[in-house]
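Structure first, then comments.
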Amino acid sequence: MVQNHEVERKPRGRPQMRCDEDTRSVIIEAASRQFHENGFATASIAAIALEAGVSTKTLYRLFPTKADLFSDLISDRIGRFLLALDPTTLAAADLRQGLERMLMAYGMLTLSEDTITMIRLVIGESDRFPEIANSFYERAVVRTNTLMEGWLRRQMERGVITLEDPHAACGMLRGMMTMEPQRATMLRQRPAPGIEEIAARAKMCADLFLNGAAVVRV
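Numbering (this note's numbering), first residue to last: 580 to 797.
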(Lines of atoms letter the chains of each structure in order from A and count residues from 1; the text may use other names and numbers.)
(Lines give C-alpha, C1' and ligand atoms only; values in the text may rest on other atoms or scores of the structure.)
Protein backbone atom coordinates (compact mmCIF):
# COMPACT_ATOMS: atom_id res chain seq x y z
CA MET A 1 0.00 0.00 0.00
CA VAL A 2 1.26 3.40 -0.93
CA GLN A 3 0.83 6.00 1.76
CA ASN A 4 0.38 9.63 0.89
CA HIS A 5 2.31 11.95 3.12
CA GLU A 6 1.26 15.55 3.21
CA VAL A 7 4.19 17.86 2.96
CA GLU A 8 4.01 20.95 5.17
CA ARG A 9 4.48 23.96 2.99
CA LYS A 10 6.23 26.99 4.43
CA PRO A 11 4.98 30.38 3.38
CA ARG A 12 7.10 31.98 0.75
CA GLY A 13 8.50 35.47 0.81
CA ARG A 14 10.70 37.45 3.13
CA PRO A 15 10.24 37.16 6.91
CA GLN A 16 8.15 39.87 8.50
CA MET A 17 10.19 43.00 9.10
CA ARG A 18 10.08 45.32 12.09
CA CYS A 19 8.61 48.75 11.51
CA ASP A 20 11.00 51.71 11.78
CA GLU A 21 9.58 52.74 15.14
CA ASP A 22 10.31 49.33 16.68
CA THR A 23 13.73 49.22 15.05
CA ARG A 24 14.56 52.64 16.47
CA SER A 25 13.63 51.45 19.95
CA VAL A 26 15.87 48.38 19.67
CA ILE A 27 18.77 50.50 18.42
CA ILE A 28 18.31 53.07 21.21
CA GLU A 29 18.47 50.36 23.89
CA ALA A 30 21.60 48.88 22.30
CA ALA A 31 23.15 52.35 22.10
CA SER A 32 22.34 53.02 25.75
CA ARG A 33 24.33 49.95 26.80
CA GLN A 34 27.23 50.84 24.52
CA PHE A 35 27.37 54.46 25.70
CA HIS A 36 27.23 53.43 29.34
CA GLU A 37 29.93 50.79 28.96
CA ASN A 38 32.30 52.60 26.59
CA GLY A 39 31.44 56.31 26.65
CA PHE A 40 30.36 58.42 23.71
CA ALA A 41 33.69 58.71 21.88
CA THR A 42 34.55 55.00 22.05
CA ALA A 43 31.09 53.59 21.43
CA SER A 44 31.11 51.85 18.07
CA ILE A 45 28.29 52.27 15.58
CA ALA A 46 29.13 48.81 14.21
CA ALA A 47 28.87 47.30 17.71
CA ILE A 48 25.54 49.07 18.32
CA ALA A 49 24.17 47.77 15.02
CA LEU A 50 25.40 44.24 15.79
CA GLU A 51 23.81 44.24 19.25
CA ALA A 52 20.55 45.61 17.83
CA GLY A 53 20.54 42.99 15.07
CA VAL A 54 20.45 45.51 12.23
CA SER A 55 22.83 46.55 9.48
CA THR A 56 24.90 49.70 9.80
CA LYS A 57 23.09 50.91 6.69
CA THR A 58 19.76 50.68 8.51
CA LEU A 59 21.19 52.36 11.60
CA TYR A 60 22.58 55.28 9.60
CA ARG A 61 19.27 55.63 7.75
CA LEU A 62 17.45 56.11 11.06
CA PHE A 63 20.24 57.96 12.87
CA PRO A 64 22.56 59.81 10.45
CA THR A 65 25.16 60.54 13.16
CA LYS A 66 26.14 59.17 16.56
CA ALA A 67 25.10 62.52 18.07
CA ASP A 68 21.61 62.04 16.57
CA LEU A 69 21.45 58.63 18.23
CA PHE A 70 22.47 60.09 21.58
CA SER A 71 19.85 62.85 21.26
CA ASP A 72 17.11 60.35 20.55
CA LEU A 73 18.24 58.28 23.52
CA ILE A 74 17.73 61.32 25.75
CA SER A 75 14.33 62.03 24.17
CA ASP A 76 13.29 58.43 24.78
CA ARG A 77 14.08 58.70 28.49
CA ILE A 78 12.32 62.06 28.82
CA GLY A 79 9.35 60.62 26.94
CA ARG A 80 8.95 58.02 29.67
CA PHE A 81 8.92 60.80 32.26
CA LEU A 82 6.23 62.65 30.32
CA LEU A 83 4.13 59.49 30.09
CA ALA A 84 4.35 59.10 33.87
CA LEU A 85 2.75 62.53 34.23
CA ASP A 86 -0.62 62.00 32.65
CA PRO A 87 -2.14 65.50 32.23
CA THR A 88 -5.66 64.30 33.04
CA THR A 89 -4.54 62.67 36.29
CA LEU A 90 -2.51 65.72 37.29
CA ALA A 91 -5.40 68.07 36.54
CA ALA A 92 -7.76 66.01 38.74
CA ALA A 93 -5.33 65.91 41.68
CA ASP A 94 -5.34 68.50 44.43
CA LEU A 95 -2.32 70.75 44.97
CA ARG A 96 -0.38 68.47 47.29
CA GLN A 97 -1.17 65.27 45.41
CA GLY A 98 -0.22 66.84 42.10
CA LEU A 99 3.05 68.23 43.42
CA GLU A 100 4.06 64.95 45.07
CA ARG A 101 3.19 63.00 41.91
CA MET A 102 5.25 65.37 39.76
CA LEU A 103 8.23 65.30 42.13
CA MET A 104 8.05 61.51 42.36
CA ALA A 105 8.18 61.14 38.58
CA TYR A 106 11.02 63.65 38.36
CA GLY A 107 12.95 61.82 41.07
CA MET A 108 12.46 58.44 39.38
CA LEU A 109 13.90 59.94 36.19
CA THR A 110 16.83 61.96 37.52
CA LEU A 111 17.93 59.70 40.38
CA SER A 112 18.06 56.48 38.37
CA GLU A 113 21.40 54.80 37.70
CA ASP A 114 20.70 55.14 33.98
CA THR A 115 20.32 58.92 34.12
CA ILE A 116 23.23 59.43 36.51
CA THR A 117 25.51 57.40 34.24
CA MET A 118 24.36 59.53 31.31
CA ILE A 119 25.12 62.75 33.21
CA ARG A 120 28.61 61.48 34.01
CA LEU A 121 29.10 60.76 30.32
CA VAL A 122 27.89 64.20 29.23
CA ILE A 123 30.07 66.03 31.75
CA GLY A 124 33.12 63.91 30.96
CA GLU A 125 32.89 64.32 27.18
CA SER A 126 31.21 67.71 26.72
CA ASP A 127 34.51 69.51 26.00
CA ARG A 128 35.24 67.22 23.06
CA PHE A 129 31.62 66.80 21.98
CA PRO A 130 29.67 69.97 22.88
CA GLU A 131 26.76 68.74 20.76
CA ILE A 132 25.88 66.05 23.32
CA ALA A 133 25.87 68.65 26.11
CA ASN A 134 23.56 70.84 24.02
CA SER A 135 21.25 67.89 23.35
CA PHE A 136 21.11 66.93 27.01
CA TYR A 137 20.37 70.50 28.11
CA GLU A 138 17.67 71.15 25.50
CA ARG A 139 15.98 67.75 25.50
CA ALA A 140 16.30 66.88 29.19
CA VAL A 141 16.78 69.96 31.35
CA VAL A 142 14.69 72.45 29.39
CA ARG A 143 11.87 69.98 28.63
CA THR A 144 11.41 68.84 32.20
CA ASN A 145 11.64 72.38 33.51
CA THR A 146 9.05 73.61 31.00
CA LEU A 147 6.58 70.91 32.06
CA MET A 148 7.05 71.51 35.78
CA GLU A 149 7.01 75.28 35.46
CA GLY A 150 3.81 75.06 33.42
CA TRP A 151 2.18 73.09 36.23
CA LEU A 152 3.22 75.73 38.79
CA ARG A 153 1.80 78.49 36.62
CA ARG A 154 -1.52 76.68 36.36
CA GLN A 155 -1.67 76.47 40.16
CA MET A 156 -1.04 80.22 40.31
CA GLU A 157 -3.92 80.77 37.90
CA ARG A 158 -6.13 78.67 40.16
CA GLY A 159 -5.15 80.92 43.05
CA VAL A 160 -3.78 78.15 45.29
CA ILE A 161 -0.14 79.30 45.36
CA THR A 162 1.61 82.61 44.86
CA LEU A 163 5.11 82.95 43.38
CA GLU A 164 7.04 86.03 42.34
CA ASP A 165 9.14 84.12 39.80
CA PRO A 166 7.74 80.69 38.85
CA HIS A 167 10.73 79.95 36.60
CA ALA A 168 13.23 80.46 39.43
CA ALA A 169 10.96 78.67 41.89
CA CYS A 170 10.78 75.65 39.57
CA GLY A 171 14.57 75.47 39.43
CA MET A 172 14.76 75.61 43.22
CA LEU A 173 12.11 72.90 43.54
CA ARG A 174 13.94 70.60 41.14
CA GLY A 175 17.24 71.20 42.92
CA MET A 176 15.71 70.53 46.32
CA MET A 177 14.32 67.23 45.07
CA THR A 178 17.42 65.80 43.40
CA MET A 179 20.66 67.73 43.83
CA GLU A 180 22.03 66.22 47.07
CA PRO A 181 21.31 62.51 46.40
CA GLN A 182 22.19 62.83 42.71
CA ARG A 183 25.53 64.50 43.46
CA ALA A 184 26.43 61.88 46.09
CA THR A 185 25.59 59.07 43.67
CA MET A 186 27.50 60.70 40.79
CA LEU A 187 30.59 60.89 43.02
CA ARG A 188 30.07 57.24 43.98
CA GLN A 189 29.59 58.06 47.65
CA ARG A 190 26.30 56.21 47.83
CA PRO A 191 24.06 54.01 45.63
CA ALA A 192 21.16 55.53 43.71
CA PRO A 193 18.11 55.95 45.97
CA GLY A 194 15.30 53.43 45.76
CA ILE A 195 11.62 54.08 45.18
CA GLU A 196 10.75 54.37 48.88
CA GLU A 197 13.46 56.96 49.50
CA ILE A 198 12.40 58.94 46.43
CA ALA A 199 8.76 58.89 47.56
CA ALA A 200 9.72 60.10 51.06
CA ARG A 201 11.86 62.86 49.58
CA ALA A 202 9.05 63.95 47.24
CA LYS A 203 6.70 64.28 50.23
CA MET A 204 9.27 66.25 52.26
CA CYS A 205 10.02 68.59 49.36
CA ALA A 206 6.30 69.15 48.76
CA ASP A 207 5.86 70.05 52.44
CA LEU A 208 8.75 72.52 52.41
CA PHE A 209 7.66 74.10 49.15
CA LEU A 210 3.98 74.45 50.02
CA ASN A 211 4.67 75.85 53.46
CA GLY A 212 6.60 78.64 51.78
CA ALA A 213 4.34 79.16 48.76
CA ALA A 214 0.85 78.72 50.21
CA VAL A 215 -1.57 81.62 49.92
CA VAL A 216 -2.23 83.20 53.32
CA ARG A 217 -5.98 83.40 53.96
CA VAL A 218 -7.14 86.27 56.17
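Beta carbons are placed, not taken as given, at the ideal position from N, Cα and C, and that holds for glycine. Everything numeric in this text was worked out from a predicted model, so none of it was measured.
Between residue 629 and residue 656, the beta carbon gap of about 23 angstroms keeps them out of contact (Cβ cut-off 8 angstroms). Inter-segment contact for the region 683 to 698 and the region 766 to 781 is present: three or more beta-carbon pairs are separated by less than 8 angstroms. With 16 or more other Cβ atoms from the protein chains shown falling within 10 Å of its own Cβ, residue 677 counts as buried.
With a 10 Å radius around the Cβ and a threshold of 16 neighbouring Cβ atoms, residue 653 comes out buried. Sequence-distant Cβ neighbours of residue 745 in its own chain, meaning closer than 7 angstroms and more than five residues away, are 728, 731, 732 and 735. Here residue 601 is exposed: its Cβ has fewer than 16 other Cβ atoms, across all protein chains shown, within 10 Å. As for any alpha helix (DSSP H) of minimum length 4 sitting wholly inside the region 733 to 789, the runs are 745 to 765, ordered along the chain. Non-local beta-carbon contacts of residue 606 in its own chain, meaning distances under 8 angstroms to residues more than five positions away in sequence, involve 627, 628, 631, 633, 638, 641, 642 and 648 in chain order. Scanning 763, 765, 752 and 766 for the CA closest to the CA of residue 783 turns up 752. In this structure, the straight-line span from the alpha carbon of residue 670 to that of residue 622 is close to 42 angstroms.
By alpha-carbon distance to residue 740, the top candidate from 708, 597, 750 and 674 is 674. The beta carbon of residue 650 is closer than 7 angstroms to those of 714 and 718 in its chain, skipping five residues each way along the sequence. Residue 632 sits in coil when the DSSP states are folded into three classes, being neither helix nor strand. Between residue 695 and residue 761 a beta carbon distance of about 6 angstroms is seen, short of the 8 angstroms cut, so the two are scored as contacting. Taking a C-beta distance under 8 angstroms as the contact criterion, residue 772 and residue 690 qualify as a contact pair. Taking a contact as a CB-CB distance under 8 angstroms, the pair residue 682 and residue 756 counts as one, their CB atoms being some 5 angstroms apart. When the beta-carbon positions are compared, residue 661 and residue 726 come within less than 8 angstroms of each other. For residue 737, there are no CB contacts under 6 angstroms within the same chain when 5 residues up- and downstream are skipped. Within the model, the alpha-carbon separation for residue 644 versus residue 603 is close to 14 angstroms.
Straight through space, the alpha carbons of residue 790 and residue 708 are spaced by roughly 42 angstroms. Annotation: residue 642 is outside any alpha helix (DSSP H) and is labelled neither H nor E by DSSP. Bounds of any alpha helix (DSSP H) do not take in residue 597, whose DSSP letter is neither H nor E.
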